[in-house]
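Participant:
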Amino acid sequence: MVRKLLGLLLLLAPVPASADWYEASTGHFVVYSEQDPKKLGEFAGKLERFDRAMRLLRNMEDEPIGPANRLTIYMVDDQGDVAKLISSRFVAGFYVPRASGSLAIVPRQSGSGNAFDLSPQAILLHEYAHHLMWSFSPNVVYPSWYIEGFAEALATAAFDRDGSIVLGNPPQYRGHGLLSGNALPIGKLMIADTLKLSDEQREGLYGRGWLLTHYMLFSRKRPDQLTTYLRALNDGKSSLDAAAAFGDLKALDRELERYKTGRFTGIRITADKVPTGEVILRKLTPGEAATMDVRIRSKVGVNARTAPPTYERAKRAAAPYPNDRGAQLVLAEAAYDAHDYAAAEAAADRAIAADSKAVDGYVYKAMARMAVAVKAGDKTPKTWRGIRNIIAAGNRIDPDDPEPLILYFRSFGQAGIAPTDPAKRGLERAFELVPQDDTLRLNTAALVLRDGDKARAREMLAPLAYQPHGRGIAVVASQLIAMIDKGETEKALVTLDGQPDDAGAAEGDKE
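Using mature numbering (1 follows the signal peptide of the UniProt record, and there is no 0), the letters of the sequence shown map in sequence onto residues -19 to -1, 1 to 492.
#1: Using a Cβ-Cβ cutoff of less than 6 Å, which residues in the same chain neighbour P481 once the five nearest sequence positions on both sides are dropped?
#2: Three or more C-beta pairs closer than 8 Å, one from the region 427 to 440 and one from the region 126 to 146: is that the case here?
#3: Given G258, which residues of its chain have a CB within under 7 Å of its CB, disregarding the five upstream and five downstream residues?
#4: Are G22 and V260 closer than 7 Å when you measure CB to CB?
#5: How far does the alpha helix (DSSP H) with R263 in it extend, from its first residue to its last?
#6: So, with DSSP's three-state summary, where would you put V353?
#7: Count the other CB atoms within 10 Å of the CB of H111; is the residue buried (16 or more) or exposed (fewer)?
#8: Under three-state DSSP, which class holds F97?
#9: State the Cα-Cα distance for the pair A85 and G74, rounded to the nearest angstrom.
#10: In whole angstroms, what separates the C-alpha of L477 from that of L423?
#11: Would the region 298 to 305 count as touching the region 31 to 40 if we require 3 or more Cβ pairs under 8 Å?
#12: Using 8 Å for Cβ pairs, my map puts A325 next to A313. What's the rounded Cβ distance?
#13: From the DSSP secondary-structure annotation, give me the bridge partner or partners of residue 518.
#14: What residue range is occupied by the uninterrupted beta strand (DSSP E) comprising I250?
#15: Considering Cα atoms alone, identify which of Q448, D234, G479 is closest to T175.
#16: Relative to the C-alpha of R183, which candidate in Y196, K169, T194 has its C-alpha closest?
#17: Using beta-carbon positions only, say whether A295 and V281 come within less than 7 Å of one another.
#18: How big is the Cα-Cα spacing for A298 and A319?
#19: Any idea if G190 is buried or exposed, counting beta-carbon neighbours within 10 angstroms, 16 or more meaning buried?
#20: Could you say which of R203, S200, A225 lies nearest to Y210 if we only look at CA atoms?
#21: Hey, would you say the C-beta of P385 is under 6 Å away from at least one heavy atom of the ligand PLP?
#22: Tell me which residues share the same chain as A308 and place their Cβ nearer than 6 Å to its Cβ, disregarding the 5 neighbours each side in the sequence.
#23: Determine, using beta carbons only, whether R183 comes closer than 7 Å to chain D.
#24: For D478, does the three-state DSSP call read helix, strand or coil?
#25: Under a three-way DSSP split, which group does A319 fall into?
#26: Can you tell me the Cα-Cα spacing of A159 and L193, whole angstroms?
#27: At 3 residues or longer, what runs of the beta strand (DSSP E) sit wholly inside the region 386 to 449?
#28: Thinking C-beta only, is V12 closer than 7 Å to I54?
#29: Could you check whether the region 395 to 403 touches the region 50 to 70, counting it as contact only if at least three pairs of C-beta atoms, one from each stretch, sit closer than 8 Å?
#30: How about L186 and E108: are their beta carbons less than 7 Å apart?
#31: When you compare each of A334, M351, A335 to Y317 by their alpha carbons, which one comes out closest?
#32: Compare the beta carbon distance of residue 497 and A315 with 7 Å and say whether it is the shorter of the two.
#33: Can you name the residues that DSSP bridges to A49?
#34: Contact defined as beta carbons within less than 8 Å: I believe P383 pairs with V353. What is the distance between those atoms, to the nearest angstrom?
#35: Use the C-beta contact count for D274: other C-beta atoms within 10 angstroms, 16 or more gives buried, fewer gives exposed.
#36: Going by CA-CA distance only, name the one from A357, Y123, P18, L148 that's closest to S219.
Structure, rendered in structure tokens:
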């Protein structure tokens, strides 16, 4: 999909694979990597155990999820490859929440490998903590210090040989920042959502956020204060007013200074409570392996400048594999991003011919048809009935894949008619499945606001106002909430309708 990632670098020449690509599939994850399959399977098993530990902590049931709603993880060679994908040398790994498939990019190796480096495992656990936070509490407001602090508190999970998991270890890689000063004293930490942070303060958001979160969750010295604070924030109080739950903030800052030099306690979860579950390993087909580099590039995002060369690479890589489902889906996506809709539909058809249950094939076939109709100004009922039939075919294969649900809803607006009740319910169901997708959240908020449910629309928008990585969307969300509170519903709807389709998709998480 086309995503506006400024300054994105594109590797123009294909790089031959140095090893075989494997897929490790579990109940909650799909991991792709060029590494020893046994090690990959062990890594995927650790992720499943971590998922179970998180659910135990939050007292959440482990309800089965559909294959489309698992987190997809691409493991690239090193941090340099990560940096090229996101165009920032300061990025060690990132997470992109998206209805078309949430993904994380992490390196197989990072830094020198000592305790003071941010490890690939810590990067991924941090990102997955974010993913689950919004799965568990989709409309709860969390401040940026707690969003990052909670993720850091869990990122250091240790997996012991007896199968148990230890949570609460200190992040050694934040040690220098924590011990070299206090760039974000508690008063500023509480309002970090509203500040333009320097690099030092950004480091402080993670380090001091972790310190305060760990103190509140593990020290047992201030019971119930965090709960009181979060409840006040969700009741609509300002950050500083809610922080009254902590009492004297300067006194709390002094306690944190003492706490950071002491011994840290954690919790151990025994092996019987965090079983690994089934891990299915599969060697990728030659076509999938040949197109993997392009696939990762496309999934992370391209823009108007990088889409054409990415498409050229996809054509070269997929050409020898016309009957390979995976290769043709990569080609369909790249062709769509480059606005070659006929080629996108043809590749989608080949993917469906190779595997009649390829939901993404129906998705790209429908998207290509929709783009052609919109470009031609074609709003005839026959055209759009045909498009909806394609979407419905994909939905029948996997009713819990959010993309067909979203496309079905969009098809009415693009045809110039009001969405039906089933289309509305489908969009709301998609949001239930992927509350992490900011664009989907905005679109669903617009739907419920247009239907007159101001309270629910406000509830959906509130978490966006505290986005630690998306100041643009946070500002828009704050403005929308103010409009709703003033009764300016029409103004809010005009603002919502003016948001781009990828309003929140490219932010991801940059650790």
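Glycine included, each C-beta is placed from N, C-alpha and C at the ideal position.
Facilitator: According to the structure data:
#1: Scanning its chain for C-beta atoms nearer than 6 Å, with the 5 sequence neighbours on each side dropped, one finds no residue around P481.
#2: no
#3: Same-chain partners within the cutoff: T7, G8, E29.
#4: yes
#5: First-last for R263: 261 to 264, but that is the beta strand (DSSP E), not the alpha helix (DSSP H).
#6: helix
#7: buried
#8: With a pLDDT of 49 at F97, under the threshold of 50, the modelled position of that residue is not reliable, and the figure given next carries that caveat. Three-state DSSP puts F97 in coil, outside helix and strand.
#9: 7 Å
#10: 7 Å
#11: no
#12: 5 Å
#13: Any property of residue 518 remains undetermined from this structure, which presents the chain solely from -19 to 492.
#14: 248 to 250
#15: Q448
#16: Closest option to R183, Cα to Cα, is K169.
#17: In this structure, V281 does not lie closer than 7 Å to A295 by Cβ.
#18: 16 Å
#19: buried
#20: A225
#21: The ligand PLP is not among the ligands present in this structure, which contains no ligands whatsoever.
#22: Once the five neighbours on either side are set aside, the close Cβ partners of A308 are G268, T272, A299, Y302.
#23: Structure shown: chain D not included; a single protein chain is present.
#24: helix
#25: coil
#26: The amino acid occupying residue 159 in the given sequence is Leu; Ala does not appear at that position. Distance between the alpha carbons of L159 and L193 is about 12 Å.
#27: If we require 3 residues or more, the region 386 to 449 turns out to have no beta strand (DSSP E) run fully inside it.
#28: Yes; because the gap between Cβ atoms is below 7 Å, this pair is in contact.
#29: no
#30: Not a contact, by the Cβ cut-off of 7 Å.
#31: Closest option to Y317, Cα to Cα, is M351.
#32: Since the displayed the chain opens at -19 and closes at 492, residue 497 lies outside it and no answer follows.
#33: DSSP lists no partner for A49.
#34: Rounded, the Cβ-Cβ distance is 23 Å, inconsistent with contact.
#35: buried
#36: Y123
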